[in-house]
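Peer 1: Just passing along the structure, written as structure tokens.
Numbering (my numbering), first residue to last: 8 to 95.
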């Protein structure tokens with residue numbers, strides 16, 4: 008395995024990590040911003056008010072996106088395992 012192959016494998020792994028983590032993180036960010044804005048407008052500064060909606064939205068997003076996330080990981084794993092012989 009040469010250096011370029013190692014760099015390509017690392018790049019693919021980072022891209023897959025970003026692709027898998029992004030849906031949940033983006034939803035958490037958006038819900039956090041909306042809840043924070045509502046807290047600022049109503050002057051309610053309770054931490055559980057911010058935490059529970061974010062957690063619920065992230066769990067729902069994970070539940071909805073899980074089939075797609077699993078499919079992405081399976082395809083990536085198949086590509087990675089299938090290419091081992093050619094990369095060694």
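C-beta atoms are modelled at their ideal positions from N, C-alpha and C, and glycine is treated no differently.
1. Would you call the region 50-69 in contact with the region 23-35, where contact means no fewer than 3 C-beta pairs closer than 8 Å?
2. Go to residue 39, then tell me how far its alpha helix (DSSP H) extends in each direction, as first and last residue.
3. For residue 146, which three-state DSSP category applies?
Peer 2: Judging by the given coordinates:
1. yes
2. Run containing residue 39: 10-49, per the alpha helix (DSSP H) assignment.
3. Because the chain is modelled from 8 through 95, residue 146 falls outside the range shown and cannot be assessed.
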